[in-house]
Amino acid sequence: MTAALFATYPRDGGGRFDREDYVASQLPLVVKASRQYGLSSAEAYFSAGEGAPKRRWRC
């Protein structure tokens, strides 16, 4: 069985989302903690702006 989970964060202008920390620290932590439940990989997609390609990281 395959499933997909998307966590989205609104861009409200007041906060700062640290993409590098998310990819380097948070995403691997989620994979490590969830592997026992069957998670085999995780990917992060970020908008590069209007009309630009999306950046993608895989863990």
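Residue numbers (the working numbering): -6 to 52.
C-beta atoms are modelled at their ideal positions from N, C-alpha and C, and glycine is treated no differently.
The structure presented is a predicted model; accordingly, all values stated were derived computationally and were not measured.
Same chain, Cβ closer than 8 angstroms to residue i, neighbours up to 5 away in sequence not counted
i   : result
L32 : V23, V24
Pairwise C-alpha distance: residue j and residue i
i     : j     : result
A26   : A35   : 12 angstroms
R9    : A17   : 16 angstroms
T1    : Q29   : 24 angstroms
A(-3) : L20   : 15 angstroms
A7    : Y15   : First, the amino acid is wrong: residue 7 is Gly here, not Ala. Roughly 18 angstroms between the two C-alpha positions.
A45   : T(-5) : Any answer about A45 is weak, because its pLDDT of 49 lies below 50 and its placement is not dependable; what the coordinates show is given next. For A45 and T(-5), the distance between alpha carbons rounds to 29 angstroms.
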